[in-house]
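Residue numbers (this note's numbering): 1097 to 1412.
From the three backbone atoms N, C-alpha and C, an ideal C-beta is built for every residue, glycine too.
These numbers were taken from a predicted model, which means no experiment stands behind them.
Beneath this line is the structure, given in structure tokens, with notes to follow.
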Amino acid sequence: MEGLTHASAPVQAAYSYCEAVTGAQARNFAYGIRLLPIDKRQAMSALYAFSRRVDDIGDGTLAPEAKFARLEETRALLGRIRAEEIDEDDTDPVAVALTHAARRFPIPLGGLDELIDGVLMDVRGETYETWDDLKTYCRCVAGAIGRLSLGVFGTVNGSGLAAADAERAGEYADTLGLALQLTNILRDVREDAGNGRTYLPAEDLAKFGCSDGFRSERMPAGADFAGLVHHEVRRARALFAEGYRLLPMLDRRSGACVAAMAGIYRRLLDRIEREPEAVLRGRVSLPPHEKAYVAVRGLSGFDARTVSRQNTRRRA
């Protein structure tokens, strides 16, 4: 492998592949990482491309036994990446890019093991009785990504934070990941139901008369779907408020990246709150021009200041 400052042509090609995957498969994520300097943007793309591979196995059409095998093969590949056994001539561009990124930045690659654990929960068809149960899943598939990203942003090892503050930064990144994942779950309730998956806690579904699930655009008589959505939206907003405490701990461009990605999801949450039944008709999303606007606001620091003021008013 090349040194930490300059990447060889094969490594650059591997990063380019990962950036193409990110741009095609994760438009919300791609809008945020555009705000990062090139080395951090490349590292985040490598993390995304590996994570996408894990998710695609879980969401694919293979039989469960085959998915288990593929996920364990991917875990073994992660072990080779961690041990720096992948060289630049390897035929797997994601492995090449991630190996190089892990040399550039102190990325806690164990977070990707947690992601694999979370996808294994999907393959096993696990459901969640309480919010605490669902949090365990969300921490695997999203909180871990927040902590992985923190290794690229540089807060823990690069900004002079005290050990206690560095630990809190990891907790805030984890919490912000939970907020994003809960927003995803609300957005995708119909699609997930079609795939035989229900993520929202069973006790919440029962409380609002929604235990029969979301396979139809019409909920059964007596179901308070809007009440369920508003309940989960309040939970997500509290998570966003806590997670946004990470922003002052980041440098300006890393903070802008996080503010942009979180801002897109917060606006998505606003739309879901205004019209809960829309998620039963199809995927709710933001148009590209609105995502670009949120990214610009993130770069200016406006979103972070706005959330800080909102949190202050709520506490008052």
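Check	Outcome
Residues in the same chain with beta-carbon distance under 6 Å from Phe1201, minus the five sequence neighbours each way, listed in chain order, please.	Ala1139, Gly1247 and Val1248
Kindly indicate which residue of Arg1137, Leu1173 and Asp1218 has the alpha-carbon position closest to the one of Gly1154.	Asp1218
Below 8 Å, how does it come out for the region 1170-1182 and the region 1116-1136: are there three or more Cβ pairs, yes or no?	no
Can you tell which of Ala1269, Glu1210, Gly1206 and Ile1281 has its C-alpha closest to the C-alpha of Tyr1224?	Ile1281
Report yes if the C-beta distance between Thr1294 and Gly1339 is below 8 Å; otherwise report no.	no
Going by beta carbon distance, what residues of the same chain come within less than 8 Å of Leu1274, once the five residues before and after it are set aside?	Lys1231, Cys1234, Arg1235, Ala1238, Gly1239, Leu1335 and Gly1339
Helix, strand or coil for Val1380 per DSSP?	coil
For Asp1183 and Asp1261, what's the separation of their Cα atoms in angstroms?	36 Å
What runs of the alpha helix (DSSP H), each 4 residues or longer, lie entirely inside the region 1199-1277?	1206-1219, 1227-1234, 1240-1249 and 1251-1254
Under a three-way DSSP split, which group does Tyr1144 fall into?	helix
Return the CA-CA distance between Arg1411 and Arg1333, expressed in angstroms with no decimal places.	Residue confidence is low: Arg1411 scores 45 on pLDDT, short of 50, so the model does not pin down where it sits. Its coordinate-derived value is still stated next. Using only the alpha carbons, I get a separation of about 14 Å.
By a C-beta neighbour count over all protein chains shown, 10 Å radius and 16 as the cutoff for buried, is Glu1386 buried or exposed?	exposed
Keeping to the same chain, check which residues put their C-beta closer than 6 Å to that of Ala1193; ignore five residues upstream and five downstream.	Ala1110, Tyr1111, Cys1114 and Ala1142
By the DSSP assignment, the alpha helix (DSSP H) with Ser1112 in it spans what residues?	Ala1105 to Gln1121
Report the three-state DSSP secondary structure of Leu1131 (helix, strand or coil).	coil
Taking Ile1177 as the reference, which of Leu1205, Val1375 and Ala1302 has the closest Cα?	Leu1205
Please report the distance separating the alpha-carbon of Ser1350 from that of Leu1244.	13 Å
For the region 1354-1363 against the region 1118-1130, do three or more pairs of beta-carbon atoms, one drawn from each stretch, fall closer than 8 Å, so that the two count as touching?	yes
Quick one: grab the DSSP three-state call for Asp1300.	helix
Keeping to the same chain, check which residues put their C-beta closer than 8 Å to that of Ser1147; ignore five residues upstream and five downstream.	Leu1208, Leu1211 and Ile1241
Taking the straight line between their C-alpha atoms, what separation do you get for Glu1180 and Asp1347?	29 Å
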